[in-house]
Amino acid sequence: MAKKSRVKNRQAAAAPTDGPNPRAACPCGSGKRYKACHGAAGGAFVGRPFEGLPGECDLVALRELVPSATVSLQVKGFESTPVTLGTLLPGAAPAMSRDSGEVWAGLQVQHNYGDVSRDVAAALLRALEARAAGESGIVGLTSAPGAGPRLQDIVTNESLDVTVHEGFDWWLGDVEDKGDFEHALEHANESVLPTERLTSVEAAYWTSVGSKEHLRWVMPEPEDALLTALARLHVAGDDVIVPDARFVGMFRAHGLLAPVWDLPVGTGAEALEEPAVAFKKLLDEALADDSEITPEVRSARAGLANRQVTIR
Numbered sequence: 001m002a003k004k005s006r007v008k009n010r011q012a013a014a015a016p017t018d019g020p021n022p023r024a025a026c027p028c029g030s031g032k033r034y035k036a037c038h039g040a041a042g043g044a045f046v047g048r049p050f051e052g053l054p055g056e057c058d059l060v061a062l063r064e065l066v067p068s069a070t071v072s073l074q075v076k077g078f079e080s081t082p083v084t085l086g087t088l089l090p091g092a093a094p095a096m097s098r099d100s101g102e103v104w105a106g107l108q109v110q111h112n113y114g115d116v117s118r119d120v121a122a123a124l125l126r127a128l129e130a131r132a133a134g135e136s137g138i139v140g141l142t143s144a145p146g147a148g149p150r151l152q153d154i155v156t157n158e159s160l161d162v163t164v165h166e167g168f169d170w171w172l173g174d175v176e177d178k179g180d181f182e183h184a185l186e187h188a189n190e191s192v193l194p195t196e197r198l199t200s201v202e203a204a205y206w207t208s209v210g211s212k213e214h215l216r217w218v219m220p221e222p223e224d225a226l227l228t229a230l231a232r233l234h235v236a237g238d239d240v241i242v243p244d245a246r247f248v249g250m251f252r253a254h255g256l257l258a259p260v261w262d263l264p265v266g267t268g269a270e271a272l273e274e275p276a277v278a279f280k281k282l283l284d285e286a287l288a289d290d291s292e293i294t295p296e297v298r299s300a301r302a303g304l305a306n307r308q309v310t311i312r
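Numbering-wise (the UniProt record's numbering), the sequence shown opens with residue 1 and increments by one.
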């Protein structure tokens with residue numbers, strides 16, 4: 001009886017009914033166990049941090065897969081200050097108050113305190129306050145910001161206009177004397193993979209890695225519904241974007257799925273515009289399909305759920 005009780009207690013401890021398993025990897029991606037990361041006292045993890053913001057899917061893309069891009073933000077209480085949200089700032093800074101009077105915030109940073117939206121908002125507000133005080137420089141975020149506003153609370157944009165850049169020359173767009181920064185800029189530009197955002201659909205990005213081209217498309221639909229719809233298209237042979245393209249899987253990021261296709265070298269972004277619209281129409285029809293799930297679709301769905309790709 002004692003042995004059974006110990007086994008039962010271990011099972012109960014290993015399988016909590018509320019929240020992430022403390023023994024499992026933390027969903028923030030740190031590589032630590034949840035109990036030693038965001039499951040520690042005072043920790044918190046928001047699985048879908050950009051939900052409710054305009055351009056949620058684009059924000060996920062800029063955070064995870066786009067090398068260099070910017071978005072202009074309108075911030076409540078600081079309407080007269082030009083604010084730019086960028087993928088990566090110089091030195092991977094969380095935020096900057098610029099001599100030009102602009103304020104920048106970065107999405108690709110080295111910290112993650114569990115709620116990306118709150119992290120970015122905290123750094124951005126600190127930089128805005130520094131700018132209002134006439135101060136300039138890098139604004140860091142070396143500890144969890146604690147309770148405070150999120151981007152959803154301070155951003156007033158009704159939509160986001162994403163600009164994808166070939167490199168990081170925009171870092172020096174407001175700098176008169178660029179001489180001291182040219183070497184660092186050249187080094188940063190060498191790391192940028194050619195990337196373009198499709199204009200015909202939302203949050204779909206073409207990229208070239210030299211030997212391959214990819215289409216990576218962040219989608220807002222709930223995971224279960226999207227997996228089922230993609231499985232229906234796969235069974236019907238309708239998941240090929242362009243001839244000789246191959247649907248290779250998807251990655252999960254910030255509560256959303258992003259399907260990924262391998263493309264023939266030389267495809268380019270422009271050739272994907274009309275096919276992407278056609279695929280979106282088929283996907284919407286599959287999402288609206290409430291017919292019984294066949295064994296073939298169920299099997300394809302299970303395969304898709306396990307077909308994860310690495311973000312590069």
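Glycine included, every Cβ here is placed at the ideal spot set by N, Cα and C. On a predicted model such as this, the values are computed, not experimentally measured, just so you know.
Contact between Pro295 and Leu256 does not hold, since the beta-carbon distance rounds to 28 angstroms and is not under 8 angstroms.
Within the segment 142-230, the complete beta strand (DSSP E) runs of at least 3 residues fall at 195-197, 204-208, 213-217. DSSP places Leu304 outside any beta strand (DSSP E); the residue lies instead in the alpha helix (DSSP H), whose first and last residues are 295-305.
Val66 sits buried, since 16 or more C-beta atoms from the chains shown fall within 10 Å of its C-beta.
Within its own chain, the residues whose Cβ lies closer than 6 angstroms to the Cβ of Asp244, once the five positions on either side in sequence are excluded, are Pro264, listed in chain order.
Note that the C-beta distance between Phe168 and Ser68 is below 8 angstroms. Annotation: the continuous alpha helix (DSSP H) that includes Ala132 extends over 116-132.
Taking 8 angstroms as the upper bound for CB-CB distance, Ser72 and Val139 are not in contact here, some 19 angstroms apart. Look at Phe78 here: in three-state DSSP terms it is coil, with no helix or strand label. For Asp289, no beta strand (DSSP E) run applies, since DSSP gives it neither H nor E. The DSSP-derived three-state label of Gly106 is strand. Cβ contact annotation for Asn189 (same chain, cutoff 7 angstroms, sequence separation greater than five): Gly167, Phe168, in chain order. A contact between stretches requires three or more CB pairs, one per stretch, nearer than 8 angstroms, and the segment 193-212 fails this requirement with the segment 222-234. Apart from the 5 residues on each side of it in sequence, Leu53 sits with its Cβ closer than 7 angstroms to the Cβ of Leu59, Leu151, Gln152, Val155 in its chain, given in chain order. Boundaries for Leu85: no alpha helix (DSSP H) harbours it, while the beta strand (DSSP E) harbouring it runs 83-86, taken from the DSSP string. The straight-line gap separating the alpha-carbon atoms of Leu304 and Arg48 is approximately 21 angstroms.
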